[in-house]
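In my numbering, the protein residues as written are 2 to 141.
The beta-carbon is built from N, C-alpha and C at its ideal position, and this holds for glycine as well.
Predicted, not measured: the structure shown is a model, and the values here were computed from it.
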């Protein structure tokens, strides 16, 4: 039984989150340099089989694709080549960075650590994954 991995793609850094094997709870995994994300996921997959990738789908307020969407499409192609047997789903990630920042503020983390974009990326990936899991459970 494998896990789901959520990917909050960024041009420079990418946030990752994972589920437990029961696919109930999402947990922050790592923030990696985007150019190293595929190799990180290959190593992770050797120890923890991945069943599915959930990739954040950034959209403008009006629902149109974000400017980074073409980069994400290229990344998805690389992911498909590297993991041909693992399915990929997209999930709306609007406002996850704002939600993550609010979560960090409410948790009492000091201002210096709040500015750590890597932390925001990991938490955003976790929010994307937990939201995805909840949406699937609500449909069951």
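Going by DSSP, name the residue or residues bridged to residue i.
i: residue 54; result: 6 and 89
Are residue i and residue j closer than 8 Å when you measure CB to CB?
i: residue 9; j: residue 94; result: yes
i: residue 45; j: residue 80; result: no
i: residue 92; j: residue 64; result: no
i: residue 119; j: residue 34; result: no
i: residue 130; j: residue 5; result: yes
What's the gap between the Cα of residue i and the Cα of residue j?
i: residue 66; j: residue 60; result: 5 Å
i: residue 22; j: residue 84; result: 19 Å
i: residue 78; j: residue 135; result: 27 Å
i: residue 7; j: residue 68; result: 20 Å
i: residue 72; j: residue 2; result: 31 Å
i: residue 122; j: residue 27; result: 14 Å
Is the shortest distance between the beta-carbon of residue i and the beta-carbons of chain D less than 8 Å?
i: residue 34; result: Judged by its chain identifiers, the structure shown contains no chain D, having just a single protein chain.
How is residue i classed by DSSP in three states: helix, strand or coil?
i: residue 12; result: coil
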